[in-house]
Structure formats: C-alpha cells, structure tokens
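**Q**
There are 2 protein chains.
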Amino acid sequence: MTLKKLLDMKKESMNHLQQELLPFWLDRCKDEKNGGFITQFDKDGRDTGEDQKSLIAQTRTIYTMASAYRAGYGDERCADYAKFGVDFLLQKMWDSQYGGFFWTVNRKGDVQIDKKIGYGLSFCIYSLSEYTLATGDPTGLDYAEKVFDALQKYAVDTMYGGYFEMFERDWTLCGPSSGGGDRKTLDFHMHLMEALTTLYEASGKEVHRRKLEESIELLLYRIQHPVYRTGIPQFWRDWSVAPQIKFDIVWGWDRFTDDGVKSNAEDNTSYGHNVEFAWLFLHALKVLGKDWRAYEEVILAQFEHCLRDGIDWEYGGVYVEGSHSGGVYDREKEFWQQAEVLIGMLDACLHFDLEKYWPAYENVHRFVHDKMIHHKVGEWWPLTTRRGEPIWTHMSHSWKVNYHTVRAMVQSIQRLDRLIEKVSAHRS
Amino acid sequence: MTLKKLLDMKKESMNHLQQELLPFWLDRCKDEKNGGFITQFDKDGRDTGEDQKSLIAQTRTIYTMASAYRAGYGDERCADYAKFGVDFLLQKMWDSQYGGFFWTVNRKGDVQIDKKIGYGLSFCIYSLSEYTLATGDPTGLDYAEKVFDALQKYAVDTMYGGYFEMFERDWTLCGPSSGGGDRKTLDFHMHLMEALTTLYEASGKEVHRRKLEESIELLLYRIQHPVYRTGIPQFWRDWSVAPQIKFDIVWGWDRFTDDGVKSNAEDNTSYGHNVEFAWLFLHALKVLGKDWRAYEEVILAQFEHCLRDGIDWEYGGVYVEGSHSGGVYDREKEFWQQAEVLIGMLDACLHFDLEKYWPAYENVHRFVHDKMIHHKVGEWWPLTTRRGEPIWTHMSHSWKVNYHTVRAMVQSIQRLDRLIEKVSAHRS
Numbered sequence: 001m002t003l004k005k006l007l008d009m010k011k012e013s014m015n016h017l018q019q020e021l022l023p024f025w026l027d028r029c030k031d032e033k034n035g036g037f038i039t040q041f042d043k044d045g046r047d048t049g050e051d052q053k054s055l056i057a058q059t060r061t062i063y064t065m066a067s068a069y070r071a072g073y074g075d076e077r078c079a080d081y082a083k084f085g086v087d088f089l090l091q092k093m094w095d096s097q098y099g100g101f102f103w104t105v106n107r108k109g110d111v112q113i114d115k116k117i118g119y120g121l122s123f124c125i126y127s128l129s130e131y132t133l134a135t136g137d138p139t140g141l142d143y144a145e146k147v148f149d150a151l152q153k154y155a156v157d158t159m160y161g162g163y164f165e166m167f168e169r170d171w172t173l174c175g176p177s178s179g180g181g182d183r184k185t186l187d188f189h190m191h192l193m194e195a196l197t198t199l200y201e202a203s204g205k206e207v208h209r210r211k212l213e214e215s216i217e218l219l220l221y222r223i224q225h226p227v228y229r230t231g232i233p234q235f236w237r238d239w240s241v242a243p244q245i246k247f248d249i250v251w252g253w254d255r256f257t258d259d260g261v262k263s264n265a266e267d268n269t270s271y272g273h274n275v276e277f278a279w280l281f282l283h284a285l286k287v288l289g290k291d292w293r294a295y296e297e298v299i300l301a302q303f304e305h306c307l308r309d310g311i312d313w314e315y316g317g318v319y320v321e322g323s324h325s326g327g328v329y330d331r332e333k334e335f336w337q338q339a340e341v342l343i344g345m346l347d348a349c350l351h352f353d354l355e356k357y358w359p360a361y362e363n364v365h366r367f368v369h370d371k372m373i374h375h376k377v378g379e380w381w382p383l384t385t386r387r388g389e390p391i392w393t394h395m396s397h398s399w400k401v402n403y404h405t406v407r408a409m410v411q412s413i414q415r416l417d418r419l420i421e422k423v424s425a426h427r428s
Numbered sequence: 429m430t431l432k433k434l435l436d437m438k439k440e441s442m443n444h445l446q447q448e449l450l451p452f453w454l455d456r457c458k459d460e461k462n463g464g465f466i467t468q469f470d471k472d473g474r475d476t477g478e479d480q481k482s483l484i485a486q487t488r489t490i491y492t493m494a495s496a497y498r499a500g501y502g503d504e505r506c507a508d509y510a511k512f513g514v515d516f517l518l519q520k521m522w523d524s525q526y527g528g529f530f531w532t533v534n535r536k537g538d539v540q541i542d543k544k545i546g547y548g549l550s551f552c553i554y555s556l557s558e559y560t561l562a563t564g565d566p567t568g569l570d571y572a573e574k575v576f577d578a579l580q581k582y583a584v585d586t587m588y589g590g591y592f593e594m595f596e597r598d599w600t601l602c603g604p605s606s607g608g609g610d611r612k613t614l615d616f617h618m619h620l621m622e623a624l625t626t627l628y629e630a631s632g633k634e635v636h637r638r639k640l641e642e643s644i645e646l647l648l649y650r651i652q653h654p655v656y657r658t659g660i661p662q663f664w665r666d667w668s669v670a671p672q673i674k675f676d677i678v679w680g681w682d683r684f685t686d687d688g689v690k691s692n693a694e695d696n697t698s699y700g701h702n703v704e705f706a707w708l709f710l711h712a713l714k715v716l717g718k719d720w721r722a723y724e725e726v727i728l729a730q731f732e733h734c735l736r737d738g739i740d741w742e743y744g745g746v747y748v749e750g751s752h753s754g755g756v757y758d759r760e761k762e763f764w765q766q767a768e769v770l771i772g773m774l775d776a777c778l779h780f781d782l783e784k785y786w787p788a789y790e791n792v793h794r795f796v797h798d799k800m801i802h803h804k805v806g807e808w809w810p811l812t813t814r815r816g817e818p819i820w821t822h823m824s825h826s827w828k829v830n831y832h833t834v835r836a837m838v839q840s841i842q843r844l845d846r847l848i849e850k851v852s853a854h855r856s
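Those sequence lines, one after another, are chains F and P.
Residue 421 in our numbering sits at position 421 of the first sequence; the count goes up by one each step and never skips.
Residue 744 in our numbering sits at position 316 of the second sequence; the count goes up by one each step and never skips.
#1: List, in order along the chain, the chain P residues whose C-beta lies closer than 8 Å to that of F:Arg210?
#2: Is the beta carbon of F:Tyr403 sitting closer than 8 Å to the one on F:Gln337?
#3: Count the other CB atoms within 10 Å of the CB of P:Lys612; is the residue buried (16 or more) or exposed (fewer)?
#4: Report, in whole angstroms, the separation of the C-beta atoms of P:Asp775 and P:Arg843, which I expect to be a contact under 8 Å.
#5: Can you tell me where the alpha helix (DSSP H) with F:Phe123 in it begins and where it stops?
#6: Could you give the distance in angstroms between the alpha-carbon of F:Ala284 and the alpha-carbon of F:Glu194?
#7: Any idea which residues DSSP pairs F:Lys205 with across the strands?
#8: Whose Cβ in chain F lies nearer than 7 Å to the Cβ of P:Lys581?
#9: Please list the partners that P:Val584 has in chain F, where partner means a Cβ-to-Cβ separation under 8 Å.
#10: What are the residues in the region 540-555 of chain P lying within 8 Å of chain F by C-beta distance?
#11: Within 8 Å (strictly less), CB to CB, does F:Leu218 reach chain P?
#12: Taking DSSP as the reference, what is the three-state secondary structure of F:Thr61?
#13: So is F:Gly140 in contact with chain P if we call contact Cβ pairs under 8 Å?
#14: I want to know whether the region 117-134 of chain F touches the region 553-567 of chain P - three or more CB-CB distances under 8 Å.
#15: If you run the structure through DSSP and keep just helix, strand and coil, what is P:Pro451?
#16: By DSSP, does P:Val834 sit in helix, in strand, or in coil?
#17: Taking just the CA atoms, how far does P:Val746 sit from P:Lys761?
#18: Evaluate P:Arg855 with the Cβ neighbour count: other Cβ atoms within 10 Å of its Cβ, from every protein chain shown; 16 or more gives buried, anything less gives exposed.
#19: Are the Cβ atoms of F:Glu321 and F:Asp330 separated by less than 8 Å?
#20: Less than 8 Å between C-beta atoms, sequence neighbours within five positions excluded: which residues of the same chain meet that for P:Lys458?
#21: Apart from the five residues just before and just after P:Gly463, which ones in its own chain have a Cβ nearer than 8 Å to its Cβ?
#22: Hey, P:Tyr501 and P:Gln446: beta-carbon distance below 8 Å or not?
#23: Would you list the one or two residues that DSSP bridges to P:Asp475?
#24: Starting from P:Arg611, follow the beta strand (DSSP E) in both directions and report where the run begins and ends.
#25: Where do the ends of the beta strand (DSSP E) carrying F:Tyr329 lie?
#26: How many angstroms separate the CA atom of P:Thr430 from the CA atom of F:Lys211?
#27: So P:Ala507 and P:Tyr497 are supposed to be a Cβ contact under 8 Å. How far apart are they, rounded?
#28: Could you compute how far the alpha carbon of P:Lys784 sits from the alpha carbon of P:Leu728?
#29: Can you name, in chain order, every residue of its own chain whose Cβ lies under 8 Å from the Cβ of F:Leu173, other than the five neighbours on each side?
#30: Whole angstroms is fine: what's the gap from P:His444's alpha carbon to P:Met837's?
#31: Can you tell me whether P:Ile727 is helix, strand or coil according to DSSP?
#32: For F:Thr2, which of helix, strand or coil comes out of DSSP?
#33: What residues of chain P sit near F:Gly162, judged by a beta carbon separation below 9 Å?
#34: Thinking C-alpha only, which one of F:Glu266, F:Ile413, F:Lys116 is nearest F:Glu12?
#35: State the Cα-Cα distance for the pair F:Tyr200 and P:Arg846, rounded to the nearest angstrom.
#36: Just the Cα atoms here: how many angstroms apart are F:Phe256 and F:Ser263?
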C-alpha cells in the first residue's frame with residue numbers, strides 16, 4: 001500500500017460523497033409541501049410516491065444532514081435540511097400524550113403505525129443529539145433526553161437487565177413471539193450504544209455516561225457469544241439464546257423461511273453488525289475517555305472473524321451472515337454491511353495492523369465503488385448477487401435511506417486522512 | 429384458641445390504637461409553626477427539640493395518618509394531618525432542580541443532607557400513593573409517579589438488574605464501601621415492592637404493574653438465599669453476596685462492630701424482614717390479582733424459619749437476627765420486628781395453619797402489650813433486653829416514628845376480624 005493509493009482512494013470517496021451521494025439527497029428529499037423528507041426512490045432516483053414516512057428514515061436523514069454539516073460538507077444547506085427534518089419530527093411524529101415518537105406516519109404526517117419501537121427511538125436519540133452538536137440548537141438534545149427518559153422508564157427489564165424493544169403506543173409491552181415483547185435483540189442494544197455515545201457527547205451528563213457504560217457491558221457480557229465474542233441476534237428475556245425469528249415490525253431485508261424463522265436460527269452472526277460494533281465501540285471508548293487497549297481482545301475478535309470468513313476474496317465485498325465458529329451461510333451482498341466494514345477495516349488498520357487489514361479495506365472499497373454504487377444516479381444498490389449484480393434495485397425506501405452510505409464516506413475519509421498522515425510521517 | 433380470646437385480643441389492639449397510639453401522635457406531632465411533623469420525643473413523650481426532619485419520618489407519618497383514615501380511624505383529623513404533611517414535603521423537601529426528595533431538612537425546612545436515598549424515596553412513593561387512595565387528592569399520586577420516574581431513570585442497573593440506592597443530590601452514584609454506591613440491599617428492594625404495590629393500587633398503570641412484578645422477581649431470585657429462601661441483606665452490583673457493612677447514611681439501630689462490619693456478615697438474616705416480606709408479598713399478589721398458592725413454598729419458608737428460630741418461647745417476642753440455616757445471633761428485641769411479625773403470623777394463620785401459627789402470634793402479642801408498649805405514654809420502646817427491659821427509651825426520633833406500630837395495629841385488627849369471622853362461621 002502506497003501513499004498514492006491512499007490519496008487516490010480518499011479522492012474517490014470524496015468524489016462519491018460530494019458529487020454523487022449528497023447531491024442525490026439534497027436534490028430530492030425535502031418535502032416542501034408537507035415538511036420532513038421523502039425517502040422512496042426507484043432505481044432511477046424517481047419518487048415512487050409511496051405514502052409513508054418512517055421514524056427510521058426521518059431520523060436517519062436528520063443524522064445524515066447534521067453529521068455531514070458537522071464534518072464540513074454541504075455548506076449551510078445540510079444544516080437547514082437537518083432543522084427542516086427536526087421540525088417535522090417534533091410536530092408530526094412526537095406523541096404528546098404518551099411520550100416517544102410514532103413508528104410511521106403518511107407524507108402529510110397522519111399517524112399510520114403508532115407503536116413505540118426501541119430501535120427507532122435509539123435513532124431519535126442519535127440524530128437529535130447529532131443535530132444539537134452540529135448546529136448548537138438545544139431543541140434536539142432536549143427531545144433526545146425525553147426519549148432517553150422514556151426508555152429508562154418503560155423499556156428496561158429491571159429483573160434481568162437490558163431493554164425490551166417493542167411497545168404499543170401507550171408503552172405496554174407488545175405480545176410474545178412475532179410481537180417481539182418476549183425477546184431482546186443485538187440490533188437494539190448496539191444502536192442504543194451508538195445513540196448513548198452521541199447523547200453523552202452532547203450532554204456530558206453522568207446518567208448518560210452510566211447508561212452508556214452499562215449498554216457496553218450488556219453487549220460484551222450478554223449479547224456476544226461467550227466463546228467466539230461475535231454477536232448473537234436474539235435472546236429470551238433471561239438472556240438465553242432465542243431462535244432468530246421475524247417480527248411483525250421490520251426494518252430490513254433479513255431473509256427468513258416461510259414460517260418466519262431464520263435458517264441456522266441459533267448459530268447465526270452478521271459480519272456487518274460485528275465490525276460495526278467494533279468501530280462504534282472504539283468510538284464510544286474515545287468519547288468516554290477510556291483506553292481501548294483494555295478491550296483489545298474483543299475488538300480484534302470482530303475484525304478477525306470478518307477477515308477470516310466475511311470477506312469475499314474472489315468477487316469482492318462482505319458476505320451477509322455465517323456461523324460463529326466458522327463457515328458462511330449467505331453469500332449475497334447487502335449495502336449496509338459493505339458500508340460498515342469500510343469504516344471498521346480502516347479502524348483495524350489504524351489501531352492494529354495496517355498491512356494485515358488493508359487488503360480487506362481495499363477489497364470492499366473496490367467492490368463498493370465498482371459494483372455497489374449506482375454512479376449514474378448517486379446511491380447504492382440495496383442488494384446484489386455474490387458477483388455484484390443488483391437483485392433489489394430501489395435507491396431508497398423507508399428502511400434504506402442514507403445513514404449507512406453517507407456515514408461510510410464521512411467516516412472513511414476521516415480515517416483515510418489519519419492513515420495518510422501516518423504514512424507520510426513514516427516516510428519523511 | 430377460642431373466639432373469646434380472639435375478641436379479647438382484638439379489643440386490646442383496638443384500645444391501644446385508639447386510646448394510646450393515635451392520640452400520642454395526634455396530640456404532639458403537628459408542627460404548627462413550620463409545617464410538617466415533629467418526630468423526636470423522649471421516654472415521657474416530650475419534644476427533645478432535635479432540629480431535624482427526616483424524609484423517612486415525614487413520609488411515614490403521612491402514611492400513618494392516611495392509612496389510619498382509609499381504615500376508618502381518627503375521623504377527619506387523620507386526613508387533615510396527612511395533607512398537612514404532604515404540603516410540607518412538597519414545599520420544603522422536593523428538589524425542583526434535580527427531582528426527588530432531600531434526605532433531611534431542619535424543622536424550618538432548610539436542607540441538611542441533600543442526598544437522594546432509594547430507601548427514603550420508596551417511602552415517598554408508598555405514603556403519597558396511600559394519601560391519594562385515602563383522600564382522593566391527586567397531588568399525592570402525581571409526586572409518587574415523579575419519584576417512580578426518577579428511580580427508573582437514575583437508580584436502575586440496566587446491566588445486572590435491580591436498583592442502586594445511594595445518590596448525591598444530582599443523582600450521581602455515591603462512592604463505594606460505606607458510601608453504598610457499589611452495593612444493592614434487601615431493605616430497599618423490599619420497601620420498593622411495598623411502595624410499588626400501593627402505587628399500582630392507586631394508578632392502575634401497566635408500567636407500575638410491570639415494575640412491581642419485576643421487583644418481586646428480584647426479591648425471589650436475587651435477594652433470597654437460594655437454599656433457605658430467607659433474605660440476604662447486602663449484595664455487590666452483580667448480586668454476589670457482600671459482607672454486611674454500615675453505610676454513611678443510616679436509618680436504624682443495626683449493631684455493627686467498631687470497623688462497621690456486621691458479625692456473621694455473610695450469614696445473617698432478619699426474622700422481622702423475612703416475615704414482613706411474606707405478608708407484604710401476599711398483599712402485593714392480592715393487589716396484582718394473582719394466586720398466592722403459586723408461591724406457597726417461598727412464603728411458608730419465611731414463616732417456618734421465624735417460627736423455628738425467631739420466636740422466644742421463654743421470654744416472648746421475636747429475636748433480631750440469626751443464621752439462614754439455623755441458630756440465633758442476636759436475642760434482643762427491637763420494636764419493628766415485633767410489629768411485622770404480629771401481622772405476618774396472623775397471615776400465616778389465615779392462609780396456612782391456624783393451630784400451628786396462632787401460638788406464635790399470641791406470644792408476640794403478649795410480649796408487645798406487656799413489655800414493648802410504654803402504656804403510660806402511648807408508643808413502643810425502641811429496643812429492650814431479651815427479657816423486655818428497655819435499653820433505648822425514646823418514644824420516637826427521625827428513624828423510629830409510627831409506621832411500624834400504627835400499621836401493626838391497623839393491619840392486625842383487619843386480620844383478627846377475618847379470623848373471628850372464620851371461627852364464628854365454623855362454630856355456627
């Protein structure tokens with residue numbers, strides 16, 4: 001790996017972010033008529049007209065705009081867009097009767113699904129805190145804290161620890177099985193750690209620090225496999241492993257058999273989630289002012305597992321899922337795992353071993369820029385075959401949007417800069 | 429045991445409650461000058477002038493007045509006193525900056541110790557909920573819910589479950605060891621169950637029900653000895669047993685060695701706490717609409733352990749503490765254990781075996797009325813020798829007051845009435 005290669009790759013990422021990704025969103029997501037963001041676009045980037053605004057899509061777009069602005073991109077437009085999104089979120093999606101945000105509304109803002117979903121609420125905390133950090137407007141942090149308070153009151157299991165995830169509008173726990181009320185998930189707890197990191201960064205409050213530290217303990221000692229340290233997707237209330245099933249409320253494309261159960265339901269781990277955890281954890285430790293070396297082993301376990309089983313050295317990119325102990329179950333390529341592994345492998349280069357992890361970064365970088373990005377339009381395909389031929393072709397809908405893609409570019413460029421600095425210093 | 433004996437004992441209790449206990453308090457506790465209650469009285473019932481109002485004494489007196497009124501005693505005076513106490517509590521002890529109530533103030537209401545102590549806050553929930561149930565004034569429940577919300581936000585350990593207990597004014601966790609920030613206690617969790625029972629009775633809210641059910645699970649599966657099912661006083665954060673130490677913040681007369689550690693620090697259980705748990709648990713199950721028979725074994729374990737080791741068949745009354753597996757460590761007689769065992773043994777008679785448990789009730793009843801009550805003045809001695817000679821002689825101070833004594837009479841009379849009904853029906 002040469003300095004020139006680093007500089008070229010940074011340039012490629014900058015170009016994608018500034019000439020393709022951000023323009024894609026700035027040109028079409030603002031709903032001037034109703035407020036908030038339109039987030040349903042077909043393969044050509046045309047509005048599909050689907051009449052839905054999801055909590056995830058609204059908050060992720062707020063995060064995208066606020067974080068891009070904080071990182072120095074998009075001029076004042078990104079800040080303006082973020083505020084535009086916050087206004088809609090507070091006016092149309094906040095439940096002033098019971099507290100918390102609704103799960104989906106239509107474009108006008110009429111409530112469609114009034115449930116309170118922990119996963120979505122963690123993105124409220126994340127995006128609203130980022131908005132305050134980016135703009136200085138205290139309204140974001142104010143509502144982020146309200147959501148934090150509601151989760152502490154309603155979602156925590158004071159017997160076994162951790163958080164329940166699925167609630168009715170009035171915060172009564174949803175029913176069992178596909179209702180999700182009897183399960184705890186990696187997904188929610190990981191995104192809660194991500195959210196509490198930014199909340200604590202914005203507020204500096206001890207209670208936010210304490211709950212962030214506890215969320216880390218939950219991930220390390222409840223959610224990760226005790227031997228392999230890779231993430232287990234679903235648990236019963238008492239943290240015994242639950243077979244991975246499909247919930248009534250979904251936000252992704254996870255593939256299930258017809259009965260809603262995952263193949264290999266009790267031995268399944270996501271390379272993307274594991275590496276995402278590793279870099280989010282490194283970031284959380286930095287915000288907490290803690291030394292990451294105390295957790296070296298568990299962080300390395302994520303990178304190693306992905307390097308060994310998750311990278312497709314033949315066709316490029318990252319596989320979907322596999323076993324904890326070894327072996328791949330699903331070799332297709334989803335967009336978000338590529339995005340998270342870009343950031344994660346750069347962190348592996350920076351913290352551990354540049355020569356060892358660089359090939360994985362370069363592999364995924366090439367797969368993303370050569371196969372995953374639909375350059376003509378500006379966003380990424382959601383799902384491709386192992387070889388990189390698009391399977392699903394929409395550029396965005398309620399559960400895809402821009403958080404993984406824009407964040408991958410913003411965060412990768414920061415890390416490439418640090419690598420460039422490191423390599424330059426070494427040469428001079 | 430004859431119907432006549434039951435009627436005589438009820439009469440004796442009624443007489444003590446109406447002619448001695450309630451007049452003791454109604455005649456002297458109201459602080460007309462400053463608001464709130466005066467709760468420091470010497471052996472003759474004279475105000476000692478100690479310039480302190482403790483959270484426990486204020487809330488327990490509110491509970492005493494409200495519960496006596498709800499049970500039909502003291503006419504409107506008890507309701508008026510309860511409101512008088514609530515007014516002071518809200519005006520002088522509520523922390524409008526950080527939420528929660530202060531630990532102690534002086535008689536005028538200036539803050540002395542501004543810490544937030546879980547044990548005291550559970551009595552806020554208990555007494556303020558009882559006040560609303562007794563009087564219909566929604567202010568009580570409103571503040572009980574605020575305290576509940578604060579405990580959920582600040583006190584829960586989301587990693588290991590359960591609640592931390594000792595906090596600084598701003599809710600940062602107190603330091604370790606005698607600071608108490610690294611420990612969890614039976615005392616707080618049991619009184620939390622007691623408080624959440626009355627909170628749920630008053631509010632009917634699902635979240636209060638859920639946390640009450642979880643507090644029961646914590647007591648059954650974390651706090652009780654896994655073999656003997658008797659209560660363990662102190663734990664580390666992860667629920668491993670901690671040696672029982674004295675905290676900086678105290679509210680009782682527990683005896684420690686000079687280094688602040690309890691003799692038999694890791695094998696110590698309180699007969700009074702165990703039987704109090706049993707009857708509070710039966711009451712909680714009733715409020716929850718659950719069948720107590722599902723928990724027969726664990727409830728019986730408390731009564732049996734006390735019957736076998738706790739009752740002093742020679743001099744009467746209940747010992748202080750002993751081993752889980754058998755054997756008594758401390759044979760003195762404290763007032764509150766007598767009070768709780770009166771209620772508990774009547775519940776044992778009603779739910780299990782009248783012939784078996786009646787002698788224990790009768791024993792403690794006689795010891796209380798013959799030795800523990802200072803009839804000339806109206807309240808109970810706080811501590812006596814095994815034989816019933818007073819060791820400490822004050823009638824009340826910040827940590828004694830009236831909750832155990834008045835509640836023991838109110839609750840015993842209700843249970844004696846049910847036994848009278850039962851025995852009469854059997855005879856007719």
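We put the CB at the ideal spot given by N, CA and C, even for glycine.
**A** Here's the rundown:
#1: Within 8 Å Cβ-Cβ: Leu601.
#2: Cβ distance not < 8 Å, so F:Tyr403 and F:Gln337 don't count as in contact.
#3: Buried.
#4: The pair is a contact, with the Cβ atoms about 7 Å apart (cut-off 8 Å).
#5: That run of the alpha helix (DSSP H) goes 118-135.
#6: The alpha-carbon atoms of F:Ala284 and F:Glu194 are separated by roughly 7 Å.
#7: The secondary-structure analysis by DSSP pairs F:Lys205 with nothing; it has no beta-bridge partner.
#8: Listed along chain F are Asp149, Gln152, Lys153, Val207, each with a C-beta nearer than 7 Å to that of P:Lys581.
#9: P:Val584 reaches chain F at Gln152, Val156, Thr158, counting residues in chain order whose Cβ is nearer than 8 Å.
#10: Listed by position, the residues of the region 540-555 of chain P near chain F (Cβ gap below 8 Å) amount to none.
#11: In terms of beta-carbon proximity, F:Leu218 lines the interface with chain P, with at least one pair separated by less than 8 Å.
#12: When secondary structure is reduced to three states using DSSP, F:Thr61 falls in the helix class.
#13: Residue-level contact by beta carbon fails for F:Gly140 and chain P, as no gap is shorter than 8 Å.
#14: Segments in contact, no.
#15: Correct three-state label for P:Pro451: helix.
#16: In this structure, P:Val834 counts as helix in the three-state DSSP scheme.
#17: Straight-line Cα distance between these residues: approximately 6 Å.
#18: Flag for P:Arg855 reads exposed.
#19: Result yes, Cβ atoms of F:Glu321 and F:Asp330 sit closer than 8 Å.
#20: Answer for P:Lys458: Phe465, Ile466, Tyr509, Phe512, listed in chain order.
#21: Close CB contacts of P:Gly463 within its chain, under the 8 Å cut and outside five residues either way in sequence, are with Phe512, Asp515, Phe516, Gln519, Lys520, Gly537 (chain order).
#22: Yes. Within cutoff.
#23: For P:Asp475, which the question treats as bridged, DSSP gives the partners P:Phe469.
#24: Residues 611-613.
#25: Looking at the DSSP string, the run of the beta strand (DSSP E) that includes F:Tyr329 is 328-330.
#26: A straight-line Cα-Cα distance of about 59 Å links P:Thr430 and F:Lys211.
#27: 5 Å between Cβ atoms; contact.
#28: Straight-line spacing of the CA atoms in P:Lys784 and P:Leu728 works out to 12 Å.
#29: Hits under 8 Å: Phe164, Met166, Phe167, Gly181.
#30: The straight-line gap from Cα to Cα measures roughly 8 Å.
#31: Helix at P:Ile727.
#32: In the three-state scheme derived from DSSP, where H, G and I count as helix and E and B as strand, F:Thr2 is classed as coil.
#33: Going along chain P in sequence order, the residues near F:Gly162 (Cβ under 9 Å) are Thr586, Met587, Gly589.
#34: It is F:Ile413 whose Cα lies nearest to the Cα of F:Glu12.
#35: Cα to Cα, F:Tyr200 sits roughly 56 Å from P:Arg846.
#36: Looking at the two C-alpha atoms, the distance is approximately 7 Å.
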